[in-house]
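Contents: one structure, followed by commentary.
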Amino acid sequence: MRTVTDERSGRLIAAHSPASPDSHRWDGTRRDAWVSASRGNHGAYLTVLFSVGVVVATAAVVVLAYVLRKVLLLLLIAVFLSLVLSPAVAAAQRRWHVQRRGAAVALVVCTVLVPAVALLVLFGRPLAEGFAELARTLPERVATAQRRDDAVGVAVRASHLTNWLPQHSSDLSNLGRALAGPVLLVGRGAVSALTAVGTVFSLVVLLLMRGPQLRQAALRQLSEPGAAWCTRVGARMNAALVGSVVGNAFTSVVAGAVTGAGLTALGVPVPWLWALWVAVVDFIPLVGATLGAAPTVVFAALQSTTAGLLTLVMFVVYQQLENRVLSPLVMSRTARADPLLVTLSLLCGSTLGHEFGGALGALVAALLAVPTAATVQILAGELLAVRAARRRDARPQMPAGSTLAEE
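Sequence positions in the sequence shown follow my numbering and run 695 to 1101.
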């Protein structure tokens, strides 16, 4: 800005001088700096908004999973059962020449469902009667064992079982009626149990029907080498899952049969009730054998010291036979899970399952410990093999016929 004199009035007036090139340059520099700062702030704002969105979305997913935890638990059970039965459906289509997928699914489901329902019906009444007999005779047997002078009598007197059993013996009878209730379709929780069973059954059938379509849709999203790798690794994981379940079921049945026969030979009351207990808890890896053997040995020891010692010897011998002969024979064609991975999977899964779904969640997590550990072991081995192959391919190759001295 500059001042000039008016010719008529003689006053000084202000006049804007034309902008110089230096001033234009200065304004352009400030404008460019402001635009750059705005762009930088815009990127920071987007980063902050994206981070906040990820946190909010994660929190929403966690809350939704907790609200729907029962549904997710039933879905997990259904996925597990569908993966176990899927090879049987494929075998029915391939070996028995069942053309339609629905007919093969119906055949396999009926083959599995009919024996399961028959076993529940057959074991319902004997189970209730066995618990009633155990509740009736247990206080008398404890009182008889208390009067003995051996180590069993000393242990019973130190534990004060004679004062505790009369107050809680009726709980055994109630437990027997509760276990037999779902079989007879009576009881307060029958409707809820039937709803859960029906939901799992429907999900299993739907997953078996739509399984190949879902798998093909997922593989089409990958490249050809990636799809081939996922197919191969998935087949190994499924084989490990089926092998662990079949092997565990076989060893559990054998454990129950050996326990029932041994207790019957020793004259222990209600032997097949304890055999059923051993067969059920033997499904749990690592700790199942101990959970099955401990109360059975104690109950046999209440009969006589000789029966208790022989029952203990029977369990020790069977565990050696199972660990050294049966398990390697049954699971020789499947991936063996590392014991450390099984232990960690059992501990973490049982804790999370109990917090997520109560006792049922803990039981499901315990049953999935071995398949989960085998799956993690297979996946880790495959990923390490892929990484080693990439490093080997990325290593510079020496020309053919060249030597280290020439390099």
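For every residue, glycine included, the Cβ atom is placed at its ideal position computed from N, Cα and C.
Contact check, residue i vs residue j, beta carbons under 9 Å
i	j	result
Gly950	Val981	no
Ser1039	Ala1067	yes
Val761	Val936	no
Val783	Val802	yes
Pro965	Gly956	yes
Gly1055	Arg763	yes
Val1064	Val1036	yes
Ser1044	Gly905	no
Ala934	Ala1031	yes
Gly1140	Leu967	The first residue shown for the chain is 695 and the last is 1101, placing residue 1140 beyond what the model contains.
Leu897	Leu769	yes
Val846	Thr999	yes
Counted within 10 angstroms of its Cβ, other Cβ atoms place residue i as buried (16 or more) or exposed
i	result
Glu1016	buried
Phe744	exposed
Leu916	exposed
Pro979	buried
Ala839	buried
Thr990	buried
Ser776	buried
Leu1078	exposed
Thr1069	buried
Leu1062	buried
Ala1051	Here residue 1051 turns out to be Gly, not Ala, going by the sequence shown. It is buried - the Cβ of Gly1051 has at least 16 other Cβ atoms within 10 Å.
Thr1005	buried
Ala987	buried
Ala1060	buried
Ala995	buried
Reference residue i; option with closest CA among the options
i	options	result
Val975	Leu1057, Val756 and Leu897	Leu1057
Ile1072	Val927, Leu766 and Thr838	Val927
Ala1001	Ala933, Val748 and Ala959	Ala959
Ala983	Met1008, Ala839, Gly961 and Ala800	Met1008
Gly1047	Leu767, Val756 and Leu740	Leu767
Gln997	Met903, Arg842 and Ser776	Arg842
Phe977	Gly954, Val939, Val991 and Thr1005	Val939
Ser946	Arg835, Val765, Cys924 and Tyr1012	Tyr1012
Glu1049	Ala759, Val749 and Gly892	Ala759
Pro656	Ala1053, Asn942, Phe993 and Gln793	The chain is shown from 695 up to 1101; residue 656 falls before or after that span and cannot be answered.
Phe944	Cys924, Thr1069, Leu985 and Ser1021	Ser1021
Met903	Ala800, Glu918, Leu814 and Arg1081	Ala800
Alpha-carbon to alpha-carbon, residue j and residue i
i	j	result
Ala798	Leu900	13 Å
Gly920	Met931	16 Å
Phe895	Leu807	10 Å
Ala826	Gln1014	34 Å
Ala754	Cys1042	23 Å
Arg914	Gly747	30 Å
Gly961	Val811	30 Å
Leu1003	Thr953	14 Å
Leu828	Asn942	28 Å
Ala911	Leu970	43 Å
Arg1085	Gly1075	15 Å
Val1080	Asp1087	11 Å
Ala929	Val891	28 Å
Val765	Thr752	19 Å
Gln666	Cys924	This structure leaves residue 666 out entirely; the chain is present only between 695 and 1101.
Arg830	Val836	11 Å
His791	Cys804	17 Å
Gly875	Val756	Confidence is the limiting factor: at Gly875 the pLDDT is only 48, short of 50, which leaves the residue's position unreliable and the question unanswerable from this model.
Val750	Thr893	31 Å
Val815	Val1010	32 Å
Ile771	Ser853	40 Å
Arg1089	Thr741	37 Å
Ala1053	Val948	26 Å
Ala738	Thr889	51 Å
Glu918	Ala785	26 Å
Val848	Leu813	41 Å
Leu985	Arg789	41 Å
Gln691	Pro809	Summary: the structure shown does not reach residue 691, with the chain confined to residues 695 through 1101, and so no result is reported for it.
Near the ligand ATP: residue i beta-carbon under 8 Å from a heavy atom
i	result
Gly941	The ligand ATP is not among the ligands present in this structure, which contains no ligands whatsoever.
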